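Going by this note's numbering, the sequence shown opens with residue 13, and the numbers climb by one from there. Let me begin by presenting the structure, written as structure tokens, before commenting on it.
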Amino acid sequence: MQRGRLHGRRVTMNATGGANAVDQAPLRPGILSPARLAVLFALLTLFGAFYKGHLDRVPYADERFYVQEGIDAVDGGFLRLIDRRGSRNSDVTVMPLYPAFLGVVFSISDRALDSARCTMAQADKGRGPCDLDFSAVFWPQYLLAAFTVALSVWFVAREFRSSVAGALAGAFLLAAGLPLLYANRYLTEAVYFPLVAVFLVTLYYAVRDRGVGWTVLCGVSLGLLALSRASYIYAVLPAVAVLIFARLPGARRPFLGRLVQSIGFSAVFFAILGPWFWANYTFFGSLMPTSTGIVLVSRVTHNKMTPQEYAAGWVFWLPDFGDSLSEKLFGRDAVERLKFEGRGSFYRVVRGDVMGEAEAYLKTARPGPLSKEERANALRSWLISEKIFGDLPKHVAVSLLLSWRGVFVGKYAGMIGLAALVALFCGAWGRPYRWPVATLAAVPVFVLGLQAFTSLNIPRYNVAMLFPMAVATGLMLSALIRWGATRLHRGRSDA
Numbered sequence: 013m014q015r016g017r018l019h020g021r022r023v024t025m026n027a028t029g030g031a032n033a034v035d036q037a038p039l040r041p042g043i044l045s046p047a048r049l050a051v052l053f054a055l056l057t058l059f060g061a062f063y064k065g066h067l068d069r070v071p072y073a074d075e076r077f078y079v080q081e082g083i084d085a086v087d088g089g090f091l092r093l094i095d096r097r098g099s100r101n102s103d104v105t106v107m108p109l110y111p112a113f114l115g116v117v118f119s120i121s122d123r124a125l126d127s128a129r130c131t132m133a134q135a136d137k138g139r140g141p142c143d144l145d146f147s148a149v150f151w152p153q154y155l156l157a158a159f160t161v162a163l164s165v166w167f168v169a170r171e172f173r174s175s176v177a178g179a180l181a182g183a184f185l186l187a188a189g190l191p192l193l194y195a196n197r198y199l200t201e202a203v204y205f206p207l208v209a210v211f212l213v214t215l216y217y218a219v220r221d222r223g224v225g226w227t228v229l230c231g232v233s234l235g236l237l238a239l240s241r242a243s244y245i246y247a248v249l250p251a252v253a254v255l256i257f258a259r260l261p262g263a264r265r266p267f268l269g270r271l272v273q274s275i276g277f278s279a280v281f282f283a284i285l286g287p288w289f290w291a292n293y294t295f296f297g298s299l300m301p302t303s304t305g306i307v308l309v310s311r312v313t314h315n316k317m318t319p320q321e322y323a324a325g326w327v328f329w330l331p332d333f334g335d336s337l338s339e340k341l342f343g344r345d346a347v348e349r350l351k352f353e354g355r356g357s358f359y360r361v362v363r364g365d366v367m368g369e370a371e372a373y374l375k376t377a378r379p380g381p382l383s384k385e386e387r388a389n390a391l392r393s394w395l396i397s398e399k400i401f402g403d404l405p406k407h408v409a410v411s412l413l414l415s416w417r418g419v420f421v422g423k424y425a426g427m428i429g430l431a432a433l434v435a436l437f438c439g440a441w442g443r444p445y446r447w448p449v450a451t452l453a454a455v456p457v458f459v460l461g462l463q464a465f466t467s468l469n470i471p472r473y474n475v476a477m478l479f480p481m482a483v484a485t486g487l488m489l490s491a492l493i494r495w496g497a498t499r500l501h502r503g504r505s506d507a
């Protein structure tokens, strides 16, 4: 028999995995109630932001693209985020939500706009003569980070009736450091991770309660997520599957009702994306903008791994110590091309070889001048037909390895979170929690695999995995605490 707490009920699991509600005792308010615990962690997050944040931080690397997009939105109107002609970032394709956020901030705060203009003008000189003040950007992001941590704590404490599990989930997020890290960056993750938390919580309640309100909120939040990261456009597919097939206590709607709910959810989702699709079609003649294909080139380049490099990759992409350990285990030659600056690196030398193949194909198959759009489409079609589906087993195998690379969000936090998820789904103690956690993890895991299939899938792309990892870690550690307390009590009783 397995006993646990689930959705405000004491649950007893029998040998066949069935659940019987033994009592429906209401949640008792107290000093560690979910709401008070959430407020406490929100304050802790804000304190950490105040202590560690830098309101005069200079944009670096990819951050400059977003800052320039925000400036362009102010100077040329927000449609400039889609119609990039004349923009300094005309060759860069980014989703519009975070640049729009920066544009709104720059429209409101002259100080932030002046700081942005100055730092972009001095981009090659670091700070230069600029007196920077981006507090109008960072304080809203700090509040979003605090909200994200608080929502996670409240959700775990409320749904699993355990303030200890909620506190441990919040501690996991703060220890991982990513909510605060991205709150002090000019990157889309500053709004993306809060939206992930809202989407997963509303998806969970849409499955459990089947209410119209939760379904609408779920569709809105996923639509906004898709406007912050393009891979979430395709996340509507696993989200619909979760709405139809997930099983949570209290979810009693028949199949037809679940089907209608998923249709309504999809309608809301596409209504949010509709204006963006329309603008793309107006300017480019297609619903989604095209890119130069460089990301896909970088991805298929890794299909040229040797078996020894493939084996070494499973160790190489472990956080921190993986590169040195893999070199000791497999030898320097097996890991050299996996390094960004390594001899014959996949990122530089091998990618150049693949681009050479692509250029040769384009000269033969598409002679004559090509527009940027035609060239991008031809390159992408060749990569998909020749380099992906032409060698699909190898591509899938390498995608599994790149999923492994991308799952270690927050380095050691990702290792702990992954271990907690595996323990929850494999251990008997986690049986009462499997459907709830599977409901939360399904979409992030799908996106993890999708990004490994189409890109290099660095951990930053998979911040969404932190939410189910935090839930699983909180539940695992609270179960360990209960087990330890029980053993200690039994030891004292026997004595």
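Using N, Cα and C, we set each Cβ at its ideal position, and we do this for glycine too. Source: prediction; values computed, not measured.
In the three-state scheme derived from DSSP, where H, G and I count as helix and E and B as strand, F159 is classed as helix.
Between T313 and R363, the C-beta gap is smaller than 8 Å, which places the two residues in contact. Proximity to R173 across D84, L44 and G429 peaks at L44, based on C-alpha coordinates. Distances from the CA of E369 to each of W416, V327 and V309 were compared; the closest alpha carbon is that of V309.
With a contact defined as Cβ atoms closer than 8 Å, R222 and R265 qualify at about 5 Å. Between G262 and R220, the alpha-carbon positions lie close to 6 Å from each other. Proximity to Y244 across V410, S357, L180 and M107 peaks at M107, based on C-alpha coordinates.
The Cβ atoms of A158 and T57 lie closer than 8 Å to each other. Rounded to whole angstroms, the Cβ separation of G65 and Y198 is 13 Å, and the two are not in contact under 8 Å. For the 8 Å CB-CB criterion, V161 and P191 form a contact. In the displayed model, L330 falls within coil according to three-state DSSP, outside both helix and strand.
Within its own chain, the residues whose Cβ lies closer than 6 Å to the Cβ of L337, once the five positions on either side in sequence are excluded, are V327, listed in chain order. The alpha helix (DSSP H) runs lying completely inside the stretch 161 to 197 and spanning 4 residues or more are 175 to 188 and 190 to 195, given in chain order.
Taking C-beta atoms under 8 Å as the contact rule, G442 and A431 fail to qualify, at a distance of about 12 Å. The three-state secondary structure of A291, taken from DSSP, is helix. The C-beta of P287 has fewer than 16 other C-beta atoms within 10 Å across all chains shown, which makes the residue exposed. Taking a C-beta distance under 8 Å as the contact criterion, A476 and G429 do not qualify as a contact pair.
In the structure shown, K351 adopts coil according to DSSP, grouped into three states. Just so you know, the alpha carbons of V203 and K423 end up roughly 21 Å apart.
About 38 Å separates the beta carbon of L433 from that of M367, a gap too long to meet the 8 Å contact definition. Restricting attention to N315, A390 and A388, the CA atom closest to the CA of P405 is found in N315. If you check the CB distance, L180 and S490 come in under 8 Å. The Cβ-Cβ distance between G115 and V86 falls below 8 Å.
With a 10 Å radius around the Cβ and a threshold of 16 neighbouring Cβ atoms, T498 comes out exposed. For E75, the uninterrupted alpha helix (DSSP H) run begins and ends at E75 to G88, by DSSP.
By the criterion of a C-beta distance shorter than 8 Å, T376 is surrounded by no residue of its chain, once the five residues flanking it on both sides are discounted. By the C-beta density criterion, S397 is exposed, having fewer than 16 other C-beta atoms within 10 angstroms.
Judged by DSSP in its simplified three-state form, H66 adopts coil rather than helix or strand.
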